[in-house]
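Numbering (this note's numbering), first residue to last: 1016 to 1228.
No residue lacks a Cβ here, since even glycine has one placed at the ideal position from N, Cα and C.
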Ligand code: AP5
Ligand code: MG
């Protein structure tokens, strides 16, 4: 199962990819997560990426392609992978296609998590990550019990630096300009699967599974 997850910031790519990973035992490959790790550990990739990510713009294609090429060369992708947040523009989609051709492992499908724009701002401003477990939470949507599970164990609810209203507005604009055209691209290849990504996390996951069966 080789999948690209397409969708706006806040559409639930990370949330659904983690469930799919646990269920199907194939790795989630999130360029956003890998870039944040690179920043945290002060690597060369991270230094290049920090200010760009803080503004909500896209990190240069060559940097991201470098990260993806290295990741797709690892043995744990043999049974498949879930790409979360890559590709994000036409050039990256073409680069991915070339890379997968070289590896002899073509993409099965690109799944679009389709959400109305109005919902995204609330999901993003409310997002928090548990400092202990890395679990994705939300101050508006997670239950009190889920939030308490983190804080009572001594964890902190961390907000991502780019989850402020100004940066979110730019990320949504960047998505519209650069990433939305990929919907047409994958549709043209006959590889697009659209999933309604409004509703509860469980409902959406059921739709996603059904779409992939
Ligand atoms: P990245 O980390 O990929 O961020 P993004 O695309 O903006 O997407 P998000 O992670 O914000 O949203 P998501 O769809 O994963 O939603 P989530 O599941 O967390 O990229 C960050 C930056 O890195 C970019 O701006 C760019 O600078 C750089 N970058 C990354 N990839 C790049 C690339 N390929 N090229 C160039 N630059 C790149 O859910 C959001 C919240 O909603 C959570 O709190 C969650 O709990 C909640 N939630 C989810 N589903 C539901 C639901 N059904 N109901 C209620 N709440 C829900
Ligand atoms: Mg994400």
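Look at residue 1021 here: in three-state DSSP terms it is strand. Secondary structure note for residue 1045: its beta strand (DSSP E) is the uninterrupted segment 1043-1045. For residue 1210, the three-state secondary structure derived from DSSP is strand. Residue 1197 is not a Cβ neighbour of residue 1100, given a cutoff of 9 Å.
Distances between the C-beta of residue 1064 and the heavy atoms of the ligand AP5 include at least one below 8 Å. Taking 9 Å as the cut-off, the Cβ atoms of residue 1124 and residue 1207 count as close. Taking non-hydrogen atoms of the ligand MG into account, the C-beta of residue 1045 is found less than 8 Å away from one of them. Residue 1078 sits in a helix when the DSSP states are folded into three classes.
Between residue 1094 and residue 1041 the beta-carbon gap is near 5 Å, inside 8 Å, which marks them as a contact. When the five nearest sequence neighbours on each side are left out, the beta carbons in the same chain lying within less than 6 Å of the beta carbon of residue 1026 are those of 1128, 1130, 1212, in order along the chain.
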